[in-house]
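Participant: The sequence shown begins at 653 in the working numbering and counts up one residue at a time.
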Amino acid sequence: MSARKLAKPQGLYFEEFAIGDQVESLGRTITETDVVNFASLSGDWNLIHTDAEYCKGEMFGQRVAHGLLILSVASGQAVR
């Protein structure tokens, strides 16, 4: 079976997706404002998310957005 490009996956059950299926979204850039707002909302001010200078010496070399922020944005993109 070849992969399908699904414009709107709404209404599909998990079992109806096949390996390789693709869902395209409009895309969204996570901004510094998004990260600061999410840190304020969640109370997670960990330096890995908020301090660029600290992150220079860490594994990624730059700040990393909160995992739950990314998950939230992805969830919103799935229904746009």
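Note that beta-carbon positions come from the ideal geometry of N, C-alpha and C, so glycine has one too.
Relative to the C-alpha of Ser-694, which candidate in Ala-726, His-718, Leu-664 and Glu-705 has its C-alpha closest?
Facilitator: Residue mapping note: residue 694 aligns to position 42 of the sequence shown, counting from 1. The residue with the shortest Cα to Cα distance from Ser-694 is His-718.
Participant: Could you check whether Asp-686 and Leu-721 sit closer than 8 Å to each other, using their CB atoms as the reference points?
Facilitator: For the purposes of this step, residue 721 is taken as residue 69 along the sequence shown, with counting starting at 1. For the purposes of this step, residue 686 is taken as residue 34 along the sequence shown, with counting starting at 1. Yes, they are a contact pair.
Participant: DSSP on Gln-674, reduced to helix/strand/coil?
Facilitator: Reading the sequence shown from its first residue, position 22 is the one you call residue 674. In the structure shown, Gln-674 sits in a strand (DSSP, three-state: E or B).
Participant: Going by DSSP, what residue range makes up the alpha helix (DSSP H) through Tyr-706?
Facilitator: By 1-based counting over the sequence shown, the position of residue 706 is 54. Counting along the chain, the alpha helix (DSSP H) containing Tyr-706 begins and ends at 704-707.
Participant: Can you tell me the Cα-Cα spacing of Cys-707 and Gln-729, whole angstroms?
Facilitator: As a first step, residue 707 must be located in the sequence shown, where it is residue number 55. As a first step, residue 729 must be located in the sequence shown, where it is residue number 77. The alpha-carbon atoms of Cys-707 and Gln-729 are separated by roughly 28 Å.
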